[in-house]
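Q: Please see the structure below; I have some questions.
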Amino acid sequence: MSENNNSEIKLDQKEDEQLAYECEEAFLRLKYAQPNIAAAWEQQKLRMHPADEKKSLCGLKVMVKYAAVVAAVIVFVIICALAYTHQNLQKQMIMEATLMKPTHNTEFLLEELGKNGKVSESTRLVDSVEQRVLTNGAVVSSRLADYTNVLREATNVNVVSIPADQTYKIILSDGTEVYLNTNSRFVYPTCFKGRERVVYLNGEAYFKVSKDKQHPFMIMTDRTKTSVLGTEFNIKSYKNEEHITLVKGAIKVEIPEIEKEVHVSPGTDLSYSDNKISIRNVDTSIFTLWKDGYFYFDEKPLQEVLEELAHWYHVSVRIEDKPQLKQMKLHFISNRNEKLENVVEGLNNFNSFTVSLVSGTLVVKEKAQ
Numbered sequence: 000m001s002e003n004n005n006s007e008i009k010l011d012q013k014e015d016e017q018l019a020y021e022c023e024e025a026f027l028r029l030k031y032a033q034p035n036i037a038a039a040w041e042q043q044k045l046r047m048h049p050a051d052e053k054k055s056l057c058g059l060k061v062m063v064k065y066a067a068v069v070a071a072v073i074v075f076v077i078i079c080a081l082a083y084t085h086q087n088l089q090k091q092m093i094m095e096a097t098l099m100k101p102t103h104n105t106e107f108l109l110e111e112l113g114k115n116g117k118v119s120e121s122t123r124l125v126d127s128v129e130q131r132v133l134t135n136g137a138v139v140s141s142r143l144a145d146y147t148n149v150l151r152e153a154t155n156v157n158v159v160s161i162p163a164d165q166t167y168k169i170i171l172s173d174g175t176e177v178y179l180n181t182n183s184r185f186v187y188p189t190c191f192k193g194r195e196r197v198v199y200l201n202g203e204a205y206f207k208v209s210k211d212k213q214h215p216f217m218i219m220t221d222r223t224k225t226s227v228l229g230t231e232f233n234i235k236s237y238k239n240e241e242h243i244t245l246v247k248g249a250i251k252v253e254i255p256e257i258e259k260e261v262h263v264s265p266g267t268d269l270s271y272s273d274n275k276i277s278i279r280n281v282d283t284s285i286f287t288l289w290k291d292g293y294f295y296f297d298e299k300p301l302q303e304v305l306e307e308l309a310h311w312y313h314v315s316v317r318i319e320d321k322p323q324l325k326q327m328k329l330h331f332i333s334n335r336n337e338k339l340e341n342v343v344e345g346l347n348n349f350n351s352f353t354v355s356l357v358s359g360t361l362v363v364k365e366k367a368q
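Residue numbers for the sequence shown follow numbering that gives the first Met the number 0, so the first one is 0 and each next one is one higher.
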C-alpha cells in the first residue's frame with residue numbers, strides 16, 4: 000500500500016473518531032455536571048468543625064491541607080467517571096437519547112451540533128411542505144430533509160426528533176433513504192466522512208442503504224450495532240425490546256451486552272429482549288407498512304394496539320381491569336390519516352369489546368355476552 004493511501008486511511012480514522020467524540024462529548028457534558036469544589040469543601044467543614052471556635056495555627060494548616068486533598072479527590076473521581084463513561088460508550092456503542100431535546104407534538108425539531116457539541120443551529124419545521132435551505136446546503140421541510148448536496152466542509156452532527164403523530168424521511172449525504180416512525184430520534188452527520196457511515200437511532204426507522212463496499216453503513220441503538228453495505232431493512236428499538244427485520248440484502252447484528260454476533264437473512268426478523276435472541280421467518284410487510292401510512296397489527300394484544308393508536312392521536316387509554324381483555328389478540332389495519340372517530344368505529348366491529356372516546360380518553364370495556 001502506498002504512503003498516500005496510508006495517510007488517507009489515517010485521516011479517515013481521525014474523522015470517524017472526531018464525529019463519534021463530538022456526540023459522546025455532548026452526552027457526557029449533559030450527564031455529568033462540573034464539580035463544585037467550593038460547595039463540597041463547605042459541607043466538609045460543617046462535618047469537621049469543632050464546637051470550640053478557637054483554632055490553632057497548626058490546626059488551620061492541617062485543615063487547609065485536608066481541603067486540598069478533598070478537592071483533588073473530587074476532581075480525580077469526576078475525571079475517572081468521565082473517562083470510564085467515554086470508554087464504556089465506545090465499548091457498548093451506545094448513543095443515548097439525552098442528546099436530543101423533546102419537541103412539541105405538532106412540529107419537528109432539527110438541531111445541528113457544532114464542533115463543541117452544543118447546538119449551533121435549530122430549525123423548527125411546522126406541518127408545511129414549504130422547503131427551506133439551511134446554511135450547510137441541506138434542503139428541509141416538514142416532510143423531508145435532503146442532504147445529498149450538503150457542503151462537505153460544513154459537516155456537523157444533526158439530531159432530528161419526530162413528534163407523536165408524524166413520520167419523516169431523510170436522504171443522507173450518501174443517498175441512503177431513512178424513513179423515521181413516530182416518537183423516534185435520529186443522530187447523523189450532515190456529510191459522511193471517514194471509513195464508516197455511522198448513525199444513531201432511538202425509535203423505529205426503515206433504511207434503504209446506498210451500496211458502498213468501501214464504507215460500511217452502521218446503525219447504533221441502545222442495545223445493538225447493525226452493519227450493512229447496501230440493503231433494505233427495518234429497525235424498531237423502543238423501551239426494552241428490539242426488532243431488526245431484513246427485507247433484502249444481508250446484515251450483521253452485534254449485541255455487545257451478551258457478546259453475540261448474528262447474520263440475518265432476507266425475510267427474517269431478529270428480536271432481542273431480556274438478554275435473549277429470537278429469529279423467525281416473517282412477512283416483512285407487517286413490519287414496514289407504517290412507512291406507507293398504515294397501522295398494521297397482526298395478532299397483537301389489545302392493550303398494545305390501543306397504546307400505539309393513543310400515541311398517534313394524542314389521547315389516553317383506559318381499559319377495564321380484566322387481564323383476558325387486555326391480552327386479547329387482534330388483527331387490525333387502519334390508515335394513519337383516518338379520523339380517530341372512524342378508527343373507533345372500526346374497532347367496535349369486534350364482538351368481544353366496546354371502545355368509546357370520552358373527553359380525550361379511549362374507554363374500553365368487555366362486551367356483555
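Quick reminder that beta carbons are idealized off the backbone N, C-alpha and C, glycines included.
Which residue marks the beginning of the alpha helix (DSSP H) containing His262, and which one marks its end?
A: Segment Lys259 to Val263 is the beta strand (DSSP E) holding His262; no alpha helix (DSSP H) there.
Q: Spatial neighbours of Ile169 within its chain, please: CB distance less than 6 Å, with the 5 preceding and 5 following residues excluded, ordered by chain position.
A: Closer than 6 Å at Cβ, skipping near neighbours: Ala144 and Val177.
Q: Alpha carbon to alpha carbon, what distance is there between Leu329 and Lys364?
A: Their Cα atoms are separated by approximately 15 Å.
Q: Can you tell me whether Lys235 is buried or exposed, with buried defined as 16 or more other CB within 10 angstroms of its CB?
A: Classified as buried, Lys235 has 16 or more neighbouring CB atoms from the shown chains inside 10 Å of its CB.
Q: Out of curiosity, what's the CA-to-CA distance linking Ala309 and Leu301?
A: 12 Å
Q: Using DSSP with H/G/I as helix, E/B as strand and the rest coil, what is Leu308?
A: Annotated three-state conformation of Leu308 is helix, per DSSP.
Q: So what's Thr267 in DSSP terms, helix, strand or just coil?
A: strand
Q: Determine the extent of the alpha helix (DSSP H) in which Asn341 is found, giving its start and end residues.
A: Per DSSP, Asn341 is one residue of the alpha helix (DSSP H) stretching across Leu339 to Leu346.
Q: Are the segment 308-323 and the segment 263-279 touching, with three or more C-beta to C-beta distances below 8 Å?
A: Counting C-beta pairs closer than 8 Å gives fewer than three between the segment 308-323 and the segment 263-279, which falls short of the contact rule.
Q: Apart from the five residues just before and just after Cys57, which ones in its own chain have a Cβ nearer than 8 Å to its Cβ?
A: Here Cys57 scores only 46 on pLDDT, less than 50, and its place in the model is too uncertain to base an answer on.
Q: Between which two residues does the alpha helix (DSSP H) carrying Leu324 extend?
A: Pro322 to Lys325
Q: Hey, out of Lys338, Pro188 and Thr223, whose CA is closest to His242's CA?
A: Checked all of Lys338, Pro188 and Thr223; the closest Cα to His242 is Thr223.
Q: Suppose the cutoff is 8 Å on Cβ atoms and the five residues either side in sequence are ignored; what does the same chain contact list for Lys251 look like?
A: Thr225, Ser226, Val227, Glu260, Val261, His262 and Val263
Q: Around the C-beta of Arg279, are 16 or more other C-beta atoms found within 10 angstroms, so that it is buried, or is it exposed?
A: exposed
Q: Between the alpha carbons of Pro101 and Ser140, how many angstroms are there, rounded?
A: Interpretation of Pro101 is limited by its pLDDT of 34, a score under 50 that renders its predicted location unreliable; the figure taken from the coordinates is listed afterwards. Each residue's Cα considered, the two are about 19 Å apart.
Q: Beta-carbon separation of Tyr295 and Ile332 under 9 Å?
A: yes
Q: Among Arg184, Gly248 and Asn180, which one has its Cα closest to the Cα of Lys210?
A: Gly248
Q: If you compare alpha carbons, which of Lys338, Asn341 and Asp173 is closest to Phe216?
A: Asp173
Q: Name the DSSP bridge partner or partners of Lys168?
A: Leu143 and Tyr178
Q: Please state whether DSSP places Ile161 in a helix, a strand or coil.
A: Annotated three-state conformation of Ile161 is coil, per DSSP.
Q: Where does Lys210 sit, in a helix, a strand or coil, going by DSSP?
A: coil
Q: When you compare only the Cα positions, how much space is there between Ser351 and Glu203?
A: Ser351 and Glu203 have their C-alpha atoms roughly 31 Å apart.
Q: Could you pull out every residue in the same chain whose Cβ sits closer than 8 Å to the Cβ of Met327, ignoring the five residues on either side in sequence?
A: Pro300, Leu301, Ser351 and Phe352
Q: Check this for me: beta carbons of Thr287 and Thr267, under 9 Å apart or not?
A: no
Q: Taking the continuous alpha helix (DSSP H) assigned at Thr287, which residues delimit it?
A: Counting along the chain, the alpha helix (DSSP H) containing Thr287 begins and ends at Ser284 to Thr287.
Q: List the endpoints of the continuous beta strand (DSSP E) containing Ser277.
A: If you look at Ser277, you'll find it in the beta strand (DSSP E) that goes Lys275 to Asn280.
Q: Which residue from Arg184, Glu298 and Phe191 puts its Cα closest to that of Gln213?
A: Phe191
Q: State yes or no: is the C-beta of Tyr293 within less than 9 Å of the C-beta of Asn334?
A: yes
Q: Does DSSP put Lys290 in a helix, a strand or coil?
A: helix
Q: Quick check on this structure: which residue in Asn155, Tyr312, Glu307 and Ala163 has the alpha carbon closest to the alpha carbon of Val198?
A: Asn155
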